[in-house]
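Per our numbering, the sequence shown runs over residues 358 to 788. What follows is a single structure, written as structure tokens, with notes after it.
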Amino acid sequence: MRGRLRAMRDPALSFGDQALSSACNFLTTILLARALGLEAFGLYTMVWLALYFAMSLQLGLIVSPMMSIGTKEQGTEAEAYYTVVFLHQAGFVVVATIAIFAVLMLATGTHSPLADAALPGSMAAASYLTQDFLRRYLFARRRPAGILLIDAINQLLKLGTLAILWRAGTLDVTTALWAVAGAAAVSTLCGLGMSGPLLWRRQILTSVTGRQWRSARWLVLTGSVQWVLSYSGLLVTAGLFGPKVLGALRAAQSLLAVLNVVREALENIVPPLAGKALAEGGIQGLHRMLSRAMLFAGLTGAVAVLGLGLFGPWLLHRLYGGEILEFDWVIIWYAFAFPMALLSLVLGCAFRALERTRPVFVAALVGGCLNLLAVYPAALVFGVAGLIAVTLLSELAALIVLVMLALRVPGLLASPPAAPVAGHMMTVPSP
């Protein structure tokens, strides 16, 4: 009975954590968009595009392999494995922080508004990347209560600080970034205190690094391509239409960000479950787990599309006021990307459990190439509508390729065929 209660408690805590994070991020977006105005909010978004790229690299190089490999280790082997991963993470944060500072300083000139945000932006990136790694590490170690605590500290402290700065009349892009950096730093210190025992074994440094890289080499390319797929439209928007339109589109996307409670929960829950199902039940166990996860993703995505189609424009008007009126229709278009992204995520988790990450990269590459080739001319000819249409087509192309590649793995999407033996039916083992 205790095991069943824990099995129910952990997913409930995970979903609760994602609900808290999504709600606070949503409120933060509303606060910043109203306090800064759409143009300054667009500049804030441009800083975060660099951080999102670093996040995609971190997910591919460190987090995704850890979520799939770490759950297979036990006892002292797990402690030694995670120690090496911590070293990888520390090195990555140093490199990413320096790179983001340099990009913001030099991309548009040393006297631009982005250059003024270089130091707080790079510090926010360092704190945010480390905090996100720790929360995902705690997911891998199956400590959802700890995750909920550090996320509550981070989100509530950030939101409260921004609200105080707004009331005091001192909130701008720079102070907002410092607030984000400080809240994430406090949360990180709390997370380090809950990281649990680690064990240094120098002799496994090379073997763990090699295993991580074999899983990560395609995932890091996948993350880069997915960043292009997700944010190239925003970059084109900033270049063609200016930061005000960029801020408006990002504000509209914030409604979808609320739904990230589902996407992030799947990202954290499905990989460990997939690894466990494969270890205990083989390809058949993975097939059963994948079927349930895809059904959940499909139904959730359909409900989201229906809800945003009915109420999305009205919510945008209520939350962001008159500045957003001319862009209220984009939320309906954006909604169709959500179910496709969920299904792609679940299929990607299955490939990661098999430690076959090349198909995930191939699917993302197809979608990313389509996006790169079509997004600029579509924006020139059709404006914002062209940007969103290309994004949807790219997501669809990536999902189709991923499904086709999954069908090539016997028993992954379809149950293995049965063959008669001695008058009875038996399942044919998967090769």
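Each residue gets a CB set at the ideal place from its N, CA and C atoms; glycine is no exception.
Relative to the C-alpha of residue i, which residue among the options is closest?
{"i": "residue 769", "options": "503, 744, 710, 721", "result": "710"}
{"i": "residue 722", "options": "622, 499, 738, 578", "result": "578"}
{"i": "residue 393", "options": "740, 633, 542, 528", "result": "528"}
{"i": "residue 375", "options": "475, 512, 445, 400", "result": "512"}
{"i": "residue 694", "options": "676, 715, 714, 660", "result": "660"}
{"i": "residue 684", "options": "741, 452, 498", "result": "741"}
{"i": "residue 479", "options": "731, 403, 423, 514", "result": "403"}
{"i": "residue 559", "options": "632, 729, 441, 717", "result": "441"}
{"i": "residue 390", "options": "525, 450, 610, 415", "result": "610"}
With a CB to CB cut of under 7 angstroms and the five nearest residues on each side skipped, what residues in its chain are close to residue i?
{"i": "residue 477", "result": "531, 534, 535, 538"}
{"i": "residue 672", "result": "612"}
{"i": "residue 484", "result": "538, 541, 542, 545"}
{"i": "residue 781", "result": "With a pLDDT of 42 at residue 781, under the threshold of 50, the predicted position of this residue should be treated as unreliable, though the coordinate-derived value follows. If we look at residue 781 and ignore the five residues flanking it on each side, it has no Cβ neighbours."}
{"i": "residue 498", "result": "553"}
{"i": "residue 420", "result": "490, 493"}
{"i": "residue 384", "result": "516"}
For residue i, which residues from the same chain have a beta carbon less than 8 angstroms from its beta carbon, with the 5 sequence-adjacent residues on both sides left out?
{"i": "residue 502", "result": "370"}
{"i": "residue 456", "result": "411"}
{"i": "residue 547", "result": "506, 507, 510"}
{"i": "residue 388", "result": "516, 519, 520, 523"}
Please determine whether the Cβ atom of residue i lies at a distance below 7 angstroms from any heavy atom of the ligand GTP.
{"i": "residue 563", "result": "Ligands in the displayed structure: none, and consequently the ligand GTP is not present."}
Mapping the DSSP letters down to three states, classify residue i as helix, strand or coil.
{"i": "residue 768", "result": "coil"}
{"i": "residue 474", "result": "coil"}
{"i": "residue 714", "result": "coil"}
{"i": "residue 371", "result": "helix"}
{"i": "residue 503", "result": "helix"}
{"i": "residue 484", "result": "helix"}
{"i": "residue 469", "result": "coil"}
{"i": "residue 616", "result": "coil"}
{"i": "residue 801", "result": "Residue 801 lies beyond the stretch modelled for the chain, which goes from 358 to 788, so this question has no answer here."}
{"i": "residue 740", "result": "coil"}
{"i": "residue 498", "result": "coil"}
Can you give me the Cβ contacts of residue i inside the same chain, cut-off strictly under 6 angstroms, excluding the 5 residues immediately before and after it?
{"i": "residue 771", "result": "none"}
{"i": "residue 619", "result": "657"}
{"i": "residue 490", "result": "446"}
For residue i, decide whether its Cβ has a neighbour in chain D, counting only Cβ atoms nearer than 8 angstroms.
{"i": "residue 606", "result": "Protein chains in the displayed structure number just one, and chain D is not present."}
Just to confirm the assignment: which complete beta strand (DSSP E) runs, minimum length 3, are found wholly within the stretch 626-700? none
Of all the alpha helix (DSSP H) runs that stay within the bounds of the stretch 392-463, which reach a length of 4 or more residues? 421-426, 432-463
Evaluate contact between the stretch 756-768 and the stretch 695-715, counting only Cβ atoms and requiring at least three cross-stretch pairs below 8 angstroms. yes
Which ranges does the alpha helix (DSSP H) cover as unbroken runs of at least 4 residues, wholly within the stretch 524-571, from first to last along the chain? 530-550
Answer yes if the stretch 661-676 comes into contact with the stretch 633-646, meaning at least three C-beta pairs across the two stretches below 8 angstroms, and no otherwise. no
Taking one C-beta from the stretch 565-574 and one from the stretch 390-410 each time, how about it: are there three or more such pairs within less than 8 angstroms? no
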